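S.K.:
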Amino acid sequence: MNNFDGIAWCYDFVKRLVFGDVLDQASAHFLSKIPPGSKVLIIGGGTGRILNDISGELQITYLEKSANMLRRAQKRQSTSVDFEHIDFLDFQAPQKFDCIICPFFLDLFTQEMLGNVMLKLKESMVPGGQLLVADFSHRSSVLLKVMYLGFRALSNIPAKSIPPIQEMITFSGFHLIDSTMFLNGQVFSSHFRHVSN
Ligand SMILES: C[S@@+](CC[C@H](N)C(=O)[O-])C[C@H]1O[C@@H](n2cnc3c(N)ncnc32)[C@H](O)[C@@H]1O
54 MNNFDGIAWC YDFVKRLVFG DVLDQASAHF LSKIPPGSKV LIIGGGTGRI
104 LNDISGELQI TYLEKSANML RRAQKRQSTS VDFEHIDFLD FQAPQKFDCI
154 ICPFFLDLFT QEMLGNVMLK LKESMVPGGQ LLVADFSHRS SVLLKVMYLG
204 FRALSNIPAK SIPPIQEMIT FSGFHLIDST MFLNGQVFSS HFRHVSN
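When you read off a place in the sequence shown, starting at 1, and then add 53, the result is the number in our numbering.
1) Report, in whole angstroms, the separation of the C-beta atoms of S243 and V179, which I expect to be a contact under 8 Å.
2) Tell me the residue span of the beta strand (DSSP E) that contains L229.
3) Compute the Euclidean distance between the alpha carbons of G182 and P89, then round it to the nearest angstrom.
4) Cβ atoms of I139 and K173: under 9 Å apart, would you say?
5) Can we count P156 as close to ligand 1, meaning its CB is less than 8 Å from some heavy atom?
6) Just to check, is the beta-carbon of E176 closer than 8 Å to a non-hydrogen atom of ligand 1?
7) With respect to the alpha helix (DSSP H) encompassing S33, which residues constitute its N-terminal and C-terminal limits?
8) Say the cut is 8 Å; is the CB of E117 nearer than that to a heavy atom of ligand 1?
9) Would you mind sorting H247 into buried or exposed? The rule is 16 or more other CB atoms within 10 Å of its CB.
10) Within 10 angstroms of the Cβ of K86, are there 16 or more other Cβ atoms? Answer buried if so, exposed if not.
11) Return helix, strand or coil for T223, following the three-state DSSP convention.
12) Identify the continuous beta strand (DSSP E) that holds S243 and give its terminal residues.
13) Please confirm whether any heavy atom of ligand 1 lies closer than 8 Å to the CB of D65.
14) To the nearest whole angstrom, what separates the beta carbons of L104 and R125, a pair I think is in contact under 8 Å?
15) Please determine whether the Cβ atom of A206 lies at a distance below 8 Å from any heavy atom of ligand 1.
16) Would the C-beta of R102 count as close to ligand 3, meaning under 8 Å from any of its heavy atoms?
17) Going by the C-beta, is F150 closer than 8 Å to any heavy atom of ligand 1?
18) In whole angstroms, what separates the C-alpha of S108 from that of H191?
19) Please report how far the alpha carbon of V199 lies from the alpha carbon of D135, in whole angstroms.
20) Could you tell me whether any non-hydrogen atom of ligand 1 is closer than 8 Å to the CB of M122?
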């Protein structure tokens, strides 16, 4: 499975060198939609840049599989955050979350694996909960695909191509509320709501 420990030290530098601050802008785009007082789960937040952009009275749980990424996130912590060093697929949520944030996390999985990840996301949230996702579009340019494959090689990501993330999310029973594109449609930021049965 993927391992970001080896590249945690240079991850932000390389990300900014290649994409500027576009990926961080995409991750932050819908954060203002989270109602105050919400229980929020951030999955795969990396070095924690997103913690600088999130504000308000929120109860945040921050899951990271990479110890090195997590250590960096803990250093820049501004508000009170419950940091957990764990693989999301092994996480037993002690509570259901009002909002789950996946910033450049879902592209790490193959389309087959994403089915299980989506089930787990739904189990972890309250009915009608919100899902904020920023990620690469599977219709991205050749250049972006090459860069994705570079990161994939360095961090041992199993996915060989960018999966159709937005389609998988709506197929899994989420309703798209709003979406914005960056980099000519190669990166998206989307706000979904869980459709309760
Ligand atoms: C592509 S990086 C994105 C980091 C950050 N969100 C950003 O946009 O800069 C993916 C992050 O997800 C973490 N990760 C990968 N698989 C995970 C899993 N199963 N559970 C929790 N975190 C995971 C990695 O360690 C890495 O920090």
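Cβ atoms here follow ideal geometry from the backbone N, Cα and C, with glycine treated the same way. Owing to the predicted nature of the structure, the values given are computational and were not obtained by experimental measurement.
M.R.: With the given structure in hand:
1) Locating residue 243 in the sequence shown gives position 190, where the first residue counts as 1. Locating residue 179 in the sequence shown gives position 126, where the first residue counts as 1. With 8 Å as the limit, S243 and V179 do not qualify as a contact, their Cβ atoms being about 19 Å apart.
2) By 1-based counting over the sequence shown, the position of residue 229 is 176. If you look at L229, you'll find it in the beta strand (DSSP E) that goes 227-235.
3) Counted from its first residue, the sequence shown places residue 182 at position 129. Counted from its first residue, the sequence shown places residue 89 at position 36. Per the coordinates, the alpha-carbon of G182 lies some 14 Å from the alpha-carbon of P89.
4) Counted from its first residue, the sequence shown places residue 173 at position 120. Counted from its first residue, the sequence shown places residue 139 at position 86. In this structure, I139 does not lie closer than 9 Å to K173 by Cβ.
5) The residue given as residue 156 occupies position 103 in the sequence shown. Between ligand 1 and P156, a heavy atom-to-CB distance of less than 8 Å is present.
6) The sequence position of residue 176 within the sequence shown is 123, counting from 1. No; taking the cut-off as 8 Å, the Cβ of E176 has no heavy atom of ligand 1 nearer than that.
7) Shown here, the chain extends from 54 to 250; a query on residue 33 therefore has no answer.
8) For this step, residue 117 is matched to residue 64 along the sequence shown. Taking non-hydrogen atoms of ligand 1 into account, the C-beta of E117 is found less than 8 Å away from one of them.
9) Along the sequence shown, read from residue 1 onward, the residue named residue 247 stands at position 194. Residue burial is scored here from C-beta neighbours: H247 has at least 16 other C-beta atoms within 10 angstroms and is therefore classed as buried.
10) In the sequence shown, the residue the question calls residue 86 occupies position 33. Burial call: exposed.
11) Your numbering for residue 223 matches position 170 in the sequence shown. Annotated three-state conformation of T223 is helix, per DSSP.
12) For this step, residue 243 is matched to residue 190 along the sequence shown. Run containing S243: 240-247, per the beta strand (DSSP E) assignment.
13) Reading the sequence shown from its first residue, position 12 is the one you call residue 65. Yes, since a heavy atom of ligand 1 falls inside the 8 Å radius drawn around the Cβ of D65.
14) The residue given as residue 104 occupies position 51 in the sequence shown. The residue given as residue 125 occupies position 72 in the sequence shown. That belief does not hold up - the Cβ atoms of L104 and R125 are roughly 11 Å apart, past 8 Å.
15) Here the question's residue 206 lines up with position 153 in the sequence shown. Not under cutoff, so the answer is no.
16) Ligands present in the displayed structure are limited to ligand 1, and ligand 3 is not among them.
17) On the sequence shown, residue 150 is found 97 positions in, with the first residue counted as 1. No, since every heavy atom of ligand 1 falls outside the 8 Å radius drawn around the Cβ of F150.
18) Counted from its first residue, the sequence shown places residue 108 at position 55. Counted from its first residue, the sequence shown places residue 191 at position 138. The alpha-carbon atoms of S108 and H191 are separated by roughly 30 Å.
19) Stepping through the sequence shown from its first residue, residue 199 is reached at position 146. Stepping through the sequence shown from its first residue, residue 135 is reached at position 82. Each residue's alpha carbon lies about 35 Å from the other.
20) If you number the sequence shown from 1, residue 122 lands on position 69. Indeed, a heavy atom of ligand 1 lies less than 8 Å from the Cβ.
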